[in-house]
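Asker: The numbering of the sequence shown is our numbering, which starts it at 2 and goes up by one.
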Amino acid sequence: MLNKQKVITEFFVSKGIITGNNLQRALQMQLAGKETMVNILSSLGVNCDENLNSLIIEDLGLSFVDPSAFNITPQVRDIVASEFAYRFRILPLHLADDLLTVAFDTVFNFLAIDYFIEVFGYKIKAELIQKQQMDDFLRRNYDEDKETITIQQIQDDDAYSVIKDDAPVVQLLNMLISDAHKRRASDIHIEPMADKLRIRYRIDGLLQEVQPPAKKLQASIISRVKLLAKMNIAEKRLPQDGRIRMIVNNCELDLRISALPAHHGESVVLRILDKKVMGFDDLGFSDAQLENFKNMINLPNGIILVTGPTGSGKSTTLYAVLNSINKTRKKILTVEDPVEYQVYGVNQVQVKPKIGLSFSKVLRSMLRQAPDVIMVGEIRDIETAAISIQSALTGHLILSTLHTNDACSAVTRLINMGVKPYLAAATLRAVLAQRLIRLLCPDCKEPYTPPKSELRILEFSSSKLPEVLFRAKGCKKCSYTGYLGRVGIFELLVISEKVRLLANKNALNFEIREQAKSEGMMTLKEHAVQKVLSGLTSFHELVRSTQNDVD
């Protein structure tokens, strides 16, 4: 490939199309990532029209290849982002080991080979294809993904300023964030390895590795992230946290940044928080659960807990609650670590442990603000629990989270933290346990007849089992995973009089659970079974997400 590049370069100079000095200048400008080679040459006085392109091809005897002869797999296609492919007129054809075969429809791109090597991190073999073929194949491979990548950083004073720097590292990071957002990723993991820089997205709760940039760009990419997050770029020995506010493809995002020193360099995680807050109808409640839960959150006082492991959607549910009850007649305060979403009309406070601003300290001060509703990000210790209970006893509605696997365990968890059983019984109104379960892709899910082994597991919550269930297959729309999006499964424990009596007696988990089930409580697993029977998810997803839960 370098020979062909050399031949074309020498042709440009020998024919007087461009001087040697201007050619070197063009190559340097290209490596800086300022523009496409065609635009760079045009700015230097070269008329890069189709006539010149055809003349060079004819004089050098260059031949065209047929792109249809290559099997362009999704993995190869995704090496080049949609916006980059259209902008630079480049089509990836094949990848073998560290050699990437690409196609151009103009000879001018051959001068930019070194730039493409730096961007993609592969050796490049370039071929020529006809312009009409380039148009057809770009549409065929990228049109569903094509969008204008517009990334703006929001400064601290909320003034919007476009990031105009077009250096390769900036382009790569912008494309990375845009691609992750487009694919509904909740996190971007930038992980230095011994031989490469690994990039992974967390999509629908599971990590998926994507095509990495060149290892040599590692330091530049991480420095760029830290710069935007206002971290200390020079400090690489200690963990750091930061925040970036951006507009990505017309969506306002908060990016929470964590940098952790690791053996092969700093491991950086960008957590993507979309400003759009979901409503109750989007969360996945059953009709009965939603009606009961709405009744609970409109009570004048008491404690309502949302429980589940990290990443189970607890914060999303609590913000949906805030949006639902956020009326002008109610004063709502929150104490969070961190404030993940800003809710209009709600006074939100972020704790700052380094200066002594803890959950308990903020809670004490909040009571002097005469609130109707207080949301506590998490009840972590007995001090926070005690103040929350005291607040509930004095006429406030307290919303918070707790790390337990099911709803009934929250009662005994509070007691084990040091809360008196009679106080827990007197103040608790409801506990909502939840998980997130992946939804089958509607475009490719396939029906099948379930074996008896699956039916036996489904039988405990339904006497009417369908003859056909659905399972994952995989297509382009779902990135060949078979799943697209997630929805909640819930277990709502309403603290009835009988449950309250059990809590007051410091009853065991299973006793509270049996009483709640006798009163109609649907368990997490039973709710997941409903999703399977309705064709929303698969049996295997049910097992994966509820395997540690009790029936």
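Ideal Cβ positions, reconstructed from N, Cα and C, are used throughout, including at glycine.
1. Give me the Cα-Cα distance between alanine 434 and leucine 525, rounded to the nearest whole angstrom.
2. Does the Cβ of phenylalanine 65 have 16 or more other Cβ atoms within 10 Å, making it buried, or fewer, making it exposed?
3. What is the DSSP secondary structure of asparagine 296, reduced to helix, strand or coil?
4. Looking at C-alpha atoms only, which residue of Arg430, Arg88, Met279 and Pro93 is the closest neighbour of serine 69?
5. Measuring alpha carbon to alpha carbon, tell me which of Lys362, Thr329, Ala393 and Leu364 ends up nearest valine 347.
6. Hey, leucine 323 and leucine 441: beta-carbon distance below 8 angstroms or not?
7. Just to confirm, is the Cβ distance from glutamate 253 to lysine 276 under 8 angstroms?
8. Are the beta-carbon atoms belonging to lysine 197 and lysine 217 less than 8 angstroms from one another?
9. Under 8 angstroms: do the segment 407 to 420 and the segment 279 to 299 share three or more Cβ pairs, one atom per stretch?
10. Once DSSP output is grouped into helix, strand and coil, what is the label at glycine 17?
11. Helix, strand or coil for leucine 112 per DSSP?
12. Within the segment 212 to 289, note down every full beta strand (DSSP E) run reaching 3 residues or more, in order along the chain.
13. Below 8 angstroms between beta carbons: does that hold for serine 497 and glutamate 520?
14. Just to confirm the assignment: which complete alpha helix (DSSP H) runs, minimum length 4, are found wholly within the segment 378 to 434?
15. Please list the terminal residues of the continuous beta strand (DSSP E) segment that includes isoleucine 204.
16. Are there 16 or more other CB atoms within 10 angstroms of the CB of alanine 532, so buried, or fewer, so exposed?
17. Over the uninterrupted beta strand (DSSP E) stretch that includes alanine 104, give me the two end residues.
18. The alpha helix (DSSP H) spanning tyrosine 87 covers which residue range?
19. Look at the alpha carbon of alanine 27 and the alpha carbon of alanine 113, and state the distance between them as a whole number of angstroms.
20. Give me the residue from Ser179, Leu306 and Pro213 with the minimum Cα distance to isoleucine 200.
21. Between asparagine 529 and the rest of its own chain, which residues show a CB-CB distance below 7 angstroms, the 5 nearest in sequence each way excluded?
22. Please give me, in chain order, every unbroken run of the alpha helix (DSSP H) with length at least 4 that falls completely inside the segment 33 to 70.
23. DSSP three-state label for serine 539, please.
24. For the alpha helix (DSSP H) containing tyrosine 320, name the first residue and the last one.
25. Per DSSP, which residues does tyrosine 345 bridge with? Please list them.
26. Can you say whether lysine 315 is buried or exposed, counting buried as having 16 or more other CB atoms within 10 angstroms of its CB?
27. So the candidates are Pro467, Ala82 and Lys474; which of them puts its Cα closest to the Cα of lysine 446?
Answerer: This is what the structure gives:
1. 8 angstroms
2. exposed
3. helix
4. Pro93
5. Thr329
6. no
7. yes
8. no
9. no
10. coil
11. helix
12. 241 to 249, 252 to 263 and 266 to 275
13. yes
14. 383 to 394, 410 to 418 and 422 to 428
15. 198 to 204
16. Reading off the sequence shown, one finds lysine at residue 532, where the question assumed alanine. Buried.
17. 100 to 105
18. 83 to 89
19. 9 angstroms
20. Pro213
21. It is alanine, not asparagine, that sits at residue 529 in the sequence shown. Counting only Cβ-Cβ distances below 7 angstroms, and skipping sequence neighbours, we find Ile438, Ile490, Leu543, Ser546 and Thr547.
22. 38 to 44 and 51 to 61
23. coil
24. 315 to 326
25. The partner list for tyrosine 345 (beta bridge, DSSP) is empty, contrary to what the question assumes.
26. buried
27. Lys474
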